[in-house]
Amino acid sequence: RRMQAYAGPAGEYEKEYKVGDMGSTVYPVNGGMEDWAYGASWAEDRDDDHAMCIVTNDSSEVGEYAGKKTIYGDATHRCITYLVETATEKQPAEKTLGEETDEILDRDGVGNGHVPRNVRLAIAAIDALE
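Everything in the sequence shown is counted per my numbering, starting at 1312 for the first residue and increasing by one.
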């Protein structure tokens, strides 16, 4: 919610971002990167030869990619994923993108639009990681 508040609206063109789970806020994804990344390294190995999401391949080649580079541990896939639908339209009109001004960080500033809002969102995400 902090990222939503900091990003704010895209001027008069879009309201603040919706926040929620991906399935009900955007659209359901079954088996997408978001699902896999969340569970990939949190699942524990089983006793048999079927590791849960953790791939170890230290002897074979995967295409032109050396097998020794495909050894994954229990923490190598951990990540947080944000799916941001930056505009309702897939190709928003140029007039809705915003203008180059010194007020890009001001959510109510002159020239506000999609680009300034997304710059603010990126700054809030970076700030959250610190």
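Virtual Cβ for every residue (Gly too), placed ideally from N, Cα, C.
With C-beta atoms as the reference, is residue i less than 8 Å away from residue j?
i, j, result
"Glu-1288", "Val-1337", "Because the chain spans 1312 through 1441 in this model, residue 1288 falls outside it and cannot be assessed."
"Thr-1412", "Gly-1424", "no"
"Ala-1404", "Met-1314", "no"
"Glu-1325", "Ala-1398", "yes"
Hey, how far is the Cα of residue i from the Cα of residue j?
i, j, result
"Ala-1436", "Thr-1407", "23 Å"
"Arg-1357", "Ile-1391", "Caution applies to Arg-1357, whose pLDDT of 48 falls short of 50 and renders its modelled position unreliable; the value that the coordinates give is listed next. Cα to Cα, Arg-1357 sits roughly 25 Å from Ile-1391."
"Glu-1441", "Gly-1343", "28 Å"
"Gln-1402", "Tyr-1393", "20 Å"
"Gly-1420", "Arg-1312", "21 Å"
Enumerate in chain order the residues of its own chain whose CB-to-CB distance from residue i is below 7 Å, with the five nearest sequence positions on each side excluded.
i, result
"Gly-1409", "Gly-1322, Gly-1422, Asn-1423, Gly-1424, His-1425, Val-1426, Pro-1427"
"Arg-1431", "Tyr-1317, Ala-1318, Gly-1319, Leu-1416, Arg-1418"
Kindly list the residues whose CB is nearer than 8 Å to the CB of residue i, restricted to its own chain and excluding five residues on each side of it in sequence; keep chain order.
i, result
"Ile-1434", "Tyr-1317, Leu-1416"
With which residues is residue i paired in a DSSP beta bridge?
i, result
"Ala-1321", "Glu-1325"
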